Every structure is written in C-alpha cells, then in structure tokens.
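Number of protein chains: 2
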Amino acid sequence: MQEPISENIVLRLARYLRVLHKLKSLGFVKVFSNNLGDAIGVTPAVVRKDFSIIKISGNKRGGYSIDTLIAELERILGKSSRQQVIVAGCGRIGTALMNYTEFRKEGIEISSGFDIDPAKIDPDASPPILHVDQMQDFIVEHGIRVAILAVPDQAAASVFERMVESGVRGFLNFTTVELKCAGKCPDETCEAECIVHNVNISLEIENLFYLVNLRNQLQDRVVVDGQQTN
Amino acid sequence: MQEPISENIVLRLARYLRVLHKLKSLGFVKVFSNNLGDAIGVTPAVVRKDFSIIKISGNKRGGYSIDTLIAELERILGKSSRQQVIVAGCGRIGTALMNYTEFRKEGIEISSGFDIDPAKIDPDASPPILHVDQMQDFIVEHGIRVAILAVPDQAAASVFERMVESGVRGFLNFTTVELKCAGKCPDETCEAECIVHNVNISLEIENLFYLVNLRNQLQDRVVVDGQQTN
DNA sequence: TAGATTGTTAATCGATTAACAATC
DNA sequence: TAGATTGTTAATCGATTAACAATC
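Residue numbers (the numbering used here), protein chains in the order written: chain A, 33 to 262; chain B, 33 to 262.
In structure tokens:
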C-alpha cells in the first residue's frame, strides 16, 4: 500500500541527489545511510525510511550503490537534461538571476527574460530580453513549466495569472505578494495545480532579527533565574 | 506553564505583523482571527492559538485591536527601528541585494558591503563597499547581528566563521554550502547560537521541476486507472 | 436576547525517532 | 562467525484541526 511521497520527501531526495553526484565525482561507489544523513543533516533512519518509501533498497551490509541511487532518484524526480526557465521582470534581482552562473552548472537554462520597459528589450542578448506581451506565446511555444517572478509587486498578480494560463506550473516568487493558484485557472481542477515557492528576502531578514532577538531573550531568562510570570 | 514559542510561530507572527501594518494604513481598527488567517493562508484556529500562546487576548465579540496587536507583536519580536545588515560578496547577487529598494521600506539598512577584489572597493559609495579584511572590526564596531552571505562557495566557510567570531548571529546564506554553526564558535555553548537561513536558488528551481513533474505523474496515475504495482 | 467570536481542550494527523529483527 | 547495516514496526513528538463552552 504505497505511501504518499510528501513534499518534504521530494525536497530531501533532491538534496540526496546532489550529494550523490559529488560523491560519485570523487570516485565513491557505495554509500551508507549515515553518510547521506550527515551530508544533509538528518538521521540515518530518515534516509532509510525515505528510500524505503520510494522502494529503493540497499544491501544489508554494503550500503547503497551510488550509481543505482542516482539513476533511481533521477527517474523518480523526473530529472530531464534541460531545465528551461523564464524570468519575468528584468530589474536588479531579475537581471542578477538571468546571469546567475550557478544555474548552468546545475543544468538550468534561462530561456528568456521579459520586461515591460522598451528600453530593456534586447532579443539578441543572451539570454534575450523580450517584451512581456510576447511572454504567453513564448511559454506555449517552448513548453515552459517553471518561471521566476521578479516583477514589481503591483504587476505580480497579473503576470502570474497570465503565466498560469499559458501553462507555467512552478513559480519562484521574489515579490512580496502572496500568490494563490486556486481560482485563477480556467478550469476548476486547479486547486493544487501549481506550486509557488516564495523567496521573500526582506521577510527573511526580519525573521533573522526576530529569531536572534528571541534566542537572546530565552538565554537571558534561563541565565538570570528560574522565575516566570505565570 | 508557558508554552515554548517555536520557530514556526515566530515566522507566522512576523507575517501577521506585516498584514496588520497594511490594515492599519487602510484605516482599520479591529481584526478577526479569520481575516488574519485568510491573509496569511492559515485557519482562524491557528491565529487564535498563536495569540493565546503569546498571551495576547481579544474581545469575545469584537475581535482584536490592531493597535494592541501591532504593539504586542513588535514587543515580542523585538522589532527595533533600525535593522542593520551587512553583505559579504559584491558579485551580481550581492550587488543586487545591496541596492534592493524593498529593504528601505521595511526598515532594513545595508550598512556596508564587503569584497576581496580591490577593484570593487569603494568606501564612498552608498552603501560603501569595504575590503573583507575590515569586516570583523566593522561588525564589532557597529554591533552587526545579521548578515547576507553572497560570496563564492569556496569562500563561504571562512567568511562565515569570521562573522560568527565577531558576533553575527543570523545569516541569510546565498551560497550552496551547508553552514553549521556548532563547533565553529570559540566557546562550546554555541550549539544553537546562530541561525542560518538558506536561499539556494538553483535547488529551489530544481525542486519546482521535481514537484511539477511529480504532480503530473500523480494526476496521470489517478486519471488513467486505479492500478498500482504493489 | 441572539448571534458571533474568542480561548482552550481534546482529537487528529503526519513526521520523526527508537529499536530491533533480519541478514549480508 | 561476528559485526555492521538495512528495512520496518511501533512509540514519540509536535503541530494542526475540530469542537464547543464562555461571553461580549
């Protein structure tokens, strides 16, 4: 009775895969659950459980074969050679991402950027920057499934909606707008059809301040004495 | 018997606070748990539970006072007027972040950038870019607690270590290196002393592909038939 | 009052962890 | 064989949800 593969698990699988590629490039052949656990910061039991759920098995004594793991994980994760992404919004963040060299290493290719400002349009650049009016055709034509949203907040909802309409299903959202897929799709089966991951940088920074402060307070409380107001 | 405030809760409190500021600026005075829940995508019960844990109470009929909530949340989160942050690494991403206009709106100020490349140093710029050798003194002098790490991967560990040494306790990590605080601190009380939030953009993109693929497969499985290989 | 909303308790859910038999 | 590691089950833990009495 197959267990469901939760988002949590998928996220860990992707991290295992990265570690496995590194190990393989170092010449390793076998790996144990505790090695992989250490590498991504989980207990060996989690690793074995994860593999058990996706029906990958190792050898009782000899651990797991790295080649087998890589092959299986890539099959399950549906890793394709070319991962084409578009960037909407070619401001500072968008431009930095379009030229982010790390992407190439991971097989991610920015197919094109899109902006509304005519001054920024440059179809001959690499990657090209096209007008946002051409975006929907481009998405359909190239079968784009994943996009980075780096437009100003006020444009976020409408650009998002157009992207969903054309077939984009995964979003990395750099705006501060909370994008909800439900109800935006033409058909009503949309509920869980697209996935938005938010990268809200200023919220992250604020959170760091809060967590650091909170940690200090807790330490103070413990250090000073054991009293507590109810 | 005070319940512990988990990281999850702190993260939600920060989001409530943002919504509350928006509501206040629109002239609202009262808010109900279901309004706040809708705004950040949780059920009203979660909102009430959260407020109950941090000992904020509302009126049985009239909901919560926005002013009181804002004041209490800011007190608990330790919000200070100026949140000073430094950026290590002034490449594409680092530079984009240094000039990220959203920060100012949220009361976040980039005190300085740091780089190792003499060509990039510019102490008169705004924000200034200083040599990384000046970083530790700067951190101590300005009491910096939070930093953005946007250096190349191979420099990440050493820059991180130096920052921790000088007193930085919160990190937004744009490198792909897994930074662990434990054992890096001079004293051994470090275990949980600093907080690292990772923004691994290419991993995020990969994950989106995986999740989109997986969702498609699941749909196929459901749509096609009910069979399943054990 | 009637209706609506809070505040809290208990139930549920899912994920992590512990533990250990199976076995290479 | 002895030792080490997997694979799985049951226990634990924490967070979310449901439900409802209290009450404005």
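The C-beta atom is built at its ideal place from N, Cα and C for all residues, glycine as well. Since the structure is predicted, the reported quantities are computational estimates derived from the model, not experimental observations.
- Neighbours of asparagine 131 of chain A across chain B, judged by C-beta separation under 8 Å: Arg124.
- For tyrosine 242 of chain A, the nearest CB of chain B lies under 8 Å from its own CB, placing it at the interface with that chain.
- Taking the C-beta atoms as reference points, phenylalanine 135 of chain B is found no nearer than 8 Å to valine 164 of chain B.
- DSSP, read as helix, strand or coil, puts aspartate 154 of chain A in strand.
- Look at serine 198 of chain B here: in three-state DSSP terms it is helix.
- If the five residues before and after leucine 243 of chain B are omitted, its C-beta is found closer than 6 Å to no C-beta atom of its own chain.
- For the 8 Å CB-CB criterion, alanine 103 of chain B and valine 191 of chain B do not form a contact.
- When rounded, the separation of the alpha-carbon atoms in lysine 212 of chain B and isoleucine 148 of chain A is 42 Å.
- Phenylalanine 83 of chain B is outside the set of residues whose beta carbon lies under 8 Å from a beta carbon in chain A.
- For the options A:Ile72, A:Ile41, A:Asn66, the alpha carbon positioned closest to that of valine 51 of chain A is the one of A:Ile72.
- Within the same chain, Cβ atoms closer than 7 Å to the Cβ of leucine 55 of chain B are found at Val63, Ile98, the five residues on either side in sequence being excluded.
- When the beta-carbon positions are compared, valine 117 of chain A and valine 172 of chain A stay at least 8 Å from each other.
- Around proline 159 of chain A, the same chain offers Met130, Ile142, Ser143, Ser144, Gly145 as residues with beta carbons nearer than 7 Å, after the five sequence neighbours per side are excluded.
- Judged by DSSP in its simplified three-state form, serine 234 of chain B adopts helix.
- The beta carbon of asparagine 66 of chain B sits closer than 7 Å to the beta carbons of Pro76 from its chain, once the five residues preceding and following it are set aside; these are given in chain order.
- For the pair glutamate 193 of chain A and threonine 127 of chain B, the Cα-to-Cα distance works out to about 30 Å.
- For alanine 179 of chain A, the uninterrupted beta strand (DSSP E) segment begins and ends at 178–181.
- Nearest CB-CB separation between asparagine 239 of chain B and chain A: below the 8 Å threshold.
- At least one C-beta of chain B is nearer than 8 Å to the C-beta of arginine 201 of chain A.
- Taking a Cβ-Cβ cut-off of 8 Å, the neighbours of valine 42 of chain B in chain A comprise Asn239, Tyr242, Leu243, Leu246, given in sequence order.
- Contiguous beta strand (DSSP E) elements confined to the stretch 37–120 of chain B occur at 115–120, taking only those with 3 or more residues.
- Using beta-carbon distances, serine 234 of chain A counts as an interface residue toward chain B, with a partner under 8 Å.
- By the neighbour-count criterion, in which a residue is buried when 16 or more other Cβ atoms sit within 10 angstroms of its Cβ, alanine 151 of chain A is exposed.
- Under the 10 Å beta carbon count, glutamate 39 of chain A is surrounded by fewer than 16 other beta carbons and is classified as exposed.
- Asparagine 205 of chain A sits in a strand when the DSSP states are folded into three classes.
- By the CB criterion at 8 Å, arginine 124 of chain A and tyrosine 132 of chain B fall inside the cutoff.
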